[in-house]
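Participant: Counting in our numbering, the sequence shown runs from 25 upward without gaps. Just dropping this structure here.
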Amino acid sequence: MKKITEMTLKEKIGQLLIVGFHGGEYNDSLDELIQEYSIGNIILFTRNIKNIKQLHQLNETIHRKIAKKTGIMPFISIDQEGGMVTRIMEEATFFPGAMSIGATSVNNAYISGKMMGEELAALGINLNLAPSLDVNNNPYNPVIGVRSFSDKADKVSEFGIEYIKGLQEEGIIATAKHFPGHGDTDSDSHMSLPTIAHDKQRLKDVELYPFKKAIEAGVDAIMSAHVFFPSYEKDQLPGTLSYNVLTKLLKEEMGFKGLVISDCMEMKAIDDNYTAPMGSLKGLLAGIDMVIVSQTKEKQIKTFNLINEAVKSGEFPMELLDEKVSKILKYKEKSLNVLKKTFFDKEYDELYKVLTNETNKDFAYKVVADSFTLVKGKTYLPFKKTLVIATEPFATTNAEDELSSRSIVDLIKFHKLPIEAKKIKVNINEEEINDLIKLASFYEQVVVFTYNAVIYNNQAKLVKRLNGLQNDLFVISTRNPFDIIKFSNIENYMCFYEYTTNSVKAIIKFLQGNLQPLGKLPVSLKQNIALGASIYVGLEDYSLEANLEYLKKLKDSNVKLLFISAHMPEMNKNRDNELLVICKEAKKLGFRITLDVSKPMFESFGLPQIDVLRLDYGFKDEDILNLINKGYLIELNASTISSNTLEYLINHDVDMKKIRVSHNFYPKPFTGLSHQEVEKKNRMLKKYDLTIMGYIASTTGKRPPIYEGLPTLEYHRYYPVGTALQEMKLLGFDEVFFGDGFVSRSELDELTEYSVITIPIIVKKGISEIERQLLLKKHRSRTDESVYLKRSTMYRNKGQEIKQFNNIKRKYKDIVIDNKLFKRYVGEVCIVMSNGLGQDERVNVVARTIASDYLLDKIKPGMEFAFTIIGEE
Numbered sequence: 025m026k027k028i029t030e031m032t033l034k035e036k037i038g039q040l041l042i043v044g045f046h047g048g049e050y051n052d053s054l055d056e057l058i059q060e061y062s063i064g065n066i067i068l069f070t071r072n073i074k075n076i077k078q079l080h081q082l083n084e085t086i087h088r089k090i091a092k093k094t095g096i097m098p099f100i101s102i103d104q105e106g107g108m109v110t111r112i113m114e115e116a117t118f119f120p121g122a123m124s125i126g127a128t129s130v131n132n133a134y135i136s137g138k139m140m141g142e143e144l145a146a147l148g149i150n151l152n153l154a155p156s157l158d159v160n161n162n163p164y165n166p167v168i169g170v171r172s173f174s175d176k177a178d179k180v181s182e183f184g185i186e187y188i189k190g191l192q193e194e195g196i197i198a199t200a201k202h203f204p205g206h207g208d209t210d211s212d213s214h215m216s217l218p219t220i221a222h223d224k225q226r227l228k229d230v231e232l233y234p235f236k237k238a239i240e241a242g243v244d245a246i247m248s249a250h251v252f253f254p255s256y257e258k259d260q261l262p263g264t265l266s267y268n269v270l271t272k273l274l275k276e277e278m279g280f281k282g283l284v285i286s287d288c289m290e291m292k293a294i295d296d297n298y299t300a301p302m303g304s305l306k307g308l309l310a311g312i313d314m315v316i317v318s319q320t321k322e323k324q325i326k327t328f329n330l331i332n333e334a335v336k337s338g339e340f341p342m343e344l345l346d347e348k349v350s351k352i353l354k355y356k357e358k359s360l361n362v363l364k365k366t367f368f369d370k371e372y373d374e375l376y377k378v379l380t381n382e383t384n385k386d387f388a389y390k391v392v393a394d395s396f397t398l399v400k401g402k403t404y405l406p407f408k409k410t411l412v413i414a415t416e417p418f419a420t421t422n423a424e425d426e427l428s429s430r431s432i433v434d435l436i437k438f439h440k441l442p443i444e445a446k447k448i449k450v451n452i453n454e455e456e457i458n459d460l461i462k463l464a465s466f467y468e469q470v471v472v473f474t475y476n477a478v479i480y481n482n483q484a485k486l487v488k489r490l491n492g493l494q495n496d497l498f499v500i501s502t503r504n505p506f507d508i509i510k511f512s513n514i515e516n517y518m519c520f521y522e523y524t525t526n527s528v529k530a531i532i533k534f535l536q537g538n539l540q541p542l543g544k545l546p547v548s549l550k551q552n553i554a555l556g557a558s559i560y561v562g563l564e565d566y567s568l569e570a571n572l573e574y575l576k577k578l579k580d581s582n583v584k585l586l587f588i589s590a591h592m593p594e595m596n597k598n599r600d601n602e603l604l605v606i607c608k609e610a611k612k613l614g615f616r617i618t619l620d621v622s623k624p625m626f627e628s629f630g631l632p633q634i635d636v637l638r639l640d641y642g643f644k645d646e647d648i649l650n651l652i653n654k655g656y657l658i659e660l661n662a663s664t665i666s667s668n669t670l671e672y673l674i675n676h677d678v679d680m681k682k683i684r685v686s687h688n689f690y691p692k693p694f695t696g697l698s699h700q701e702v703e704k705k706n707r708m709l710k711k712y713d714l715t716i717m718g719y720i721a722s723t724t725g726k727r728p729p730i731y732e733g734l735p736t737l738e739y740h741r742y743y744p745v746g747t748a749l750q751e752m753k754l755l756g757f758d759e760v761f762f763g764d765g766f767v768s769r770s771e772l773d774e775l776t777e778y779s780v781i782t783i784p785i786i787v788k789k790g791i792s793e794i795e796r797q798l799l800l801k802k803h804r805s806r807t808d809e810s811v812y813l814k815r816s817t818m819y820r821n822k823g824q825e826i827k828q829f830n831n832i833k834r835k836y837k838d839i840v841i842d843n844k845l846f847k848r849y850v851g852e853v854c855i856v857m858s859n860g861l862g863q864d865e866r867v868n869v870v871a872r873t874i875a876s877d878y879l880l881d882k883i884k885p886g887m888e889f890a891f892t893i894i895g896e897e
């Protein structure tokens, strides 16, 4: 290969660029980039690949043309992660994805990498933009998800390093991505700029840990993330453009000496804010060695020209350019020695045997089959009258009479299984849900295959409604295992971690009764907050008949936790009998029952069948210890418990897993707890790793005789239940119960956990549709936050025609939008954080929020947030 001293400026710049092109053949457009601009590297997508013979010929031509023009072997790169990110989909091995591997053994990561490396090398591909070392600890992450091995940093490291080792042993340049981490975000950098606002210590412990270990293990390349990390970069720059992230952190602090490659510069996080060419130049100056511009020829040429001008002007120092090119040539020399043996000196017929190796294909299928995981409940039996409902996330075929190997329903038909099977779209509509509920009632068991139901809410709605029928329900996720967060009360849940030909083949085996779940869950699926309700006995307002009906409604709404108080002074003589009846029926329906007792009541009453005993007043430390030793699962009063009591129990060798804690609810107004009191108390309780329960108030079914709601926090007395739930989550609660009885179905349905902090607002009558739609978008608080305003500038100056409206004096907690008189600020949305801002004709007061100070304070600089409209005035 040509030495750097022999290279022209054009050839050096061409080495920095990795470009994509359209079509499956070497064409004039690609040839122009190579001949006119000395482009030295290519990225392949599915659009370039028809079959392995065509791909082999294409790569052979690319290698020959670039080497002839530049005197240097190209990097031909690809995103061949396996699973849901697979570019070579036909004939060659369809390798398992990261989370499928993560559900099996670490040795499978090594073998997958090695086998994949062997096949890529046979095709002349020498740079694989894999694996993902992102720790996917956000269930709502739309871009990483199952591309990650796990939600635990040590497991991602262990599996990722073995995968890298396998690839690199076959001479493939492996790329750990997306540095410094893209796992804990719920937005997609293809569409916008995500933010991860953790402090440095948390980032070192979680996000950075797998990259640190990969560097120590000798990974060849690292890909940057288009994500903003305020802890390392104060100027709202994505990691790809940050000198602090790429040079100071990655190269200097973490000691990485390999290739630093950008993610595609045409992704919106870069292109919308800087343009792909300018982003490329900024990234190279910040520490990137090679930039990917994969979609648009015009932007590829502009990128080349901009870098050329920067080098000539001195903005991009020649020494820095030579440093990058020398590093690239070093890794190309390493790769060339391998490709000489695996690609250049081989005939296609010889390589075809490598690419269609049945051993590799059998291994890939076995990993996916072995990843099948039983999360809870029982497994399915194929002998009953069965309805299968399966999502179809791909446009598999346009012809009704054609069957696709990537369709569950099509393969059920192909194998003539005695099963009724229905296809649904990922975004199934209400009418289709109603039709399926009617159909399901005729079957003994229903099997539902979901696909990202954690994002597609109507899939979750279908599952919840099916769960209310009197037949066996089995839910199997076919991509994101976090789907269960949306329907946590189902009894039978299993996971595949990809929707591919391998997983569909395994699903058919499962439906035939020939596959049992052997996988180990690679992520934690514990729902952050479990939901419960309260029942009151011995009160005139809550008859036994009404309570029994309420139990059925709770079961239909998938509420399975029940709190019963048995020592209210207003209770009548029917209390004891009603309590026995309610407990018996609740156990039959599958509820977990917590019974609240005082010591006098406990000593005078025979306990019904319950699960947890909540101790109110009258119990001493010795009494608590005695009850635990008798085998009771105890719930202590969190509002009054002290660390002294907990230490007493620990000193008496109590298993703390047998203890829970719950706060009181407060019927009388202005007696409830403050956010600060609860936060302080919960922080103390969490030191003992205790499960913490609390109460929120109903807005429709407030309990007599006071009728003022039964919350733990005073601020929640008249608060929207969805907003109260997210505050309870932020405060560290594990379980949240409605304190009031007879909660409405609409309130039960409203109890969905928000993926970002969501602010309840009451809009002003007369706001425009443009303003309403702006409010309903997702927002991000600026990093340079003002004490007067929380500013969302994401939709500023986007060509909106926002007229003057309601230009009144601005007050604390008003929501305002800048109108057209504010020129380039038009469309900026702000939360007013101070009184006394006055009236401004350029600013429309469009809403006000009833959110607590606590919730507003949780919107930190750089964080995403949203609004939910709860009314109009």
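For each residue, glycine too, the CB sits at the ideal point set by N, CA and C.
(1) By the DSSP assignment, the beta strand (DSSP E) with Arg-88 in it spans what residues?
(2) Of all the CB atoms in chain B, is at least one closer than 9 Å to the CB of Pro-729?
(3) Determine the contact status of Leu-754 and Leu-555, defining contact as a CB-CB distance below 9 Å.
(4) How big is the Cα-Cα spacing for Pro-885 and Asp-808?
(5) With DSSP collapsed to three states, give me the class of Tyr-21.
(6) Could you pull the start and end residues of the beta strand (DSSP E) that Ile-508 belongs to?
(7) How should Glu-416 be labelled, buried or exposed, when 16 other C-beta atoms within 10 angstroms of its C-beta is the threshold for buried?
(8) Whole angstroms is fine: what's the gap from Thr-7's alpha carbon to Ala-241's?
(9) Look at the alpha carbon of Ala-133 and the alpha carbon of Lys-189, and state the distance between them as a whole number of angstroms.
(10) Closest by CA to Gln-824, which one among Tyr-812, Asn-831, Tyr-836 and Ile-841?
(11) Would you kindly report the start and end of the unbroken beta strand (DSSP E) that includes Val-850?
(12) If you follow the beta strand (DSSP E) that Ser-628 is in, where does it begin and where does it stop?
(13) At the level of alpha carbons, what is the spacing between Gly-44 and Glu-322?
(14) Here's the rule: buried if 16 or more other CB atoms are within 10 angstroms of the residue's CB, otherwise exposed. What is Phe-19?
(15) Between Lys-201 and Gly-126, is the Cβ-Cβ spacing less than 9 Å?
(16) DSSP state of His-699, grouped into three classes?
(17) Taking the beta strand (DSSP E) that Arg-806 falls in, what are its first and last residues?
(18) Any idea what DSSP makes of Pro-262, helix, strand or coil?
(19) Along the chain, where does the beta strand (DSSP E) containing Asp-173 start, and where does it finish?
(20) Which runs of the beta strand (DSSP E) spanning at least 3 residues fall entirely within the region 819–845, listed in chain order?
(21) Which residue wins for smallest C-alpha separation from Ile-66, given the options Asn-75, Lys-77, Glu-30 and Asp-103?
(22) Find out if the Cβ-Cβ distance for the pair Thr-380, Ile-312 is shorter than 9 Å.
(23) According to DSSP, is Thr-892 helix, strand or coil?
(24) Are there 16 or more other CB atoms within 10 angstroms of the CB of Met-31, so buried, or fewer, so exposed?
(25) Would you grab the beta carbon distance between Val-130 and Phe-183 for me? Rounded to a whole angstrom, and I think it's under 8 Å.
(26) Buried or exposed: Tyr-560, going by 16 or more other Cβ atoms within 10 Å of its Cβ?
(27) List the endpoints of the continuous alpha helix (DSSP H) containing Phe-963.
(28) Given this structure, state the Cα-to-Cα distance separating Leu-880 from Arg-616, to the nearest angstrom.
(29) Which whole-angstrom value is the C-beta distance of Asn-72 and Gly-148, which I expect to be below 8 Å?
(30) May I ask you to verify whether the region 703–712 touches the region 736–748, counting CB pairs closer than 8 Å and requiring at least 3?
(31) Which value, in whole angstroms, describes the spacing of the CA atoms of Thr-420 and Gln-324?
(32) Near Tyr-187, what residues of its chain come up, given a Cβ to Cβ distance below 6 Å and the 5 sequence neighbours on each side ignored?
(33) Along the chain, which unbroken stretches of the alpha helix (DSSP H) at least 4 residues long are found entirely within the region 88–164?
(34) Taking the alpha-carbon positions, what's the Lys-358 to Gly-195 distance?
(35) How many whole angstroms separate the CB atoms of Gly-851 and Arg-806, which I take to be in contact at a CB cut-off of 8 Å?
(36) Using the three-state DSSP reduction, which class does Asp-635 fall into: helix, strand or coil?
Facilitator: The short version:
(1) Taken as a continuous stretch (DSSP letters only), Arg-88 belongs to no beta strand (DSSP E), being part of the alpha helix (DSSP H) at 76–94.
(2) In the displayed structure, chain B is absent; only one protein chain is listed.
(3) No, these two residues do not count as a Cβ contact at 9 Å.
(4) 7 Å
(5) Residue 21 lies beyond the residue range present for the chain, which begins at 25 and ends at 897; the question has no answer from this structure.
(6) Careful: Ile-508 lies outside any beta strand (DSSP E) and carries neither H nor E.
(7) buried
(8) Residue numbering for the chain in the displayed model covers 25 to 897; residue 7 lies beyond these limits and cannot be assessed.
(9) 9 Å
(10) Ile-841
(11) No beta strand (DSSP E) holds Val-850; DSSP gives it neither H nor E.
(12) In the DSSP assignment, Ser-628 falls outside any beta strand (DSSP E) and within the unbroken alpha helix (DSSP H) covering 623–628.
(13) 12 Å
(14) Nothing can be reported for residue 19, as the shown portion of the chain is limited to 25 through 897.
(15) no
(16) The answer is helix: DSSP assigns His-699 an H, G or I state.
(17) Per DSSP, Arg-806 lies in no beta strand (DSSP E) segment and is marked neither H nor E.
(18) Strand.
(19) Checking the sequence, you will find Phe at residue 173 rather than Asp. Careful: Phe-173 lies outside any beta strand (DSSP E) and carries neither H nor E.
(20) 838–842
(21) Asp-103
(22) no
(23) strand
(24) buried
(25) Sure, about 6 Å apart at Cβ, within 8 Å.
(26) buried
(27) Nothing about residue 963 can be reported from this structure: the residues present for the chain run from 25 to 897 only.
(28) 35 Å
(29) That pair is no contact at about 13 Å.
(30) no
(31) With a pLDDT of 34 at Thr-420, under the threshold of 50, the modelled position of this residue cannot be trusted; read the value that follows with caution. One C-alpha to the other measures close to 33 Å.
(32) Ala-133, Gly-137 and Pro-155
(33) 122–126 and 130–146
(34) 8 Å
(35) Not a contact, Cβ separation roughly 14 Å.
(36) coil
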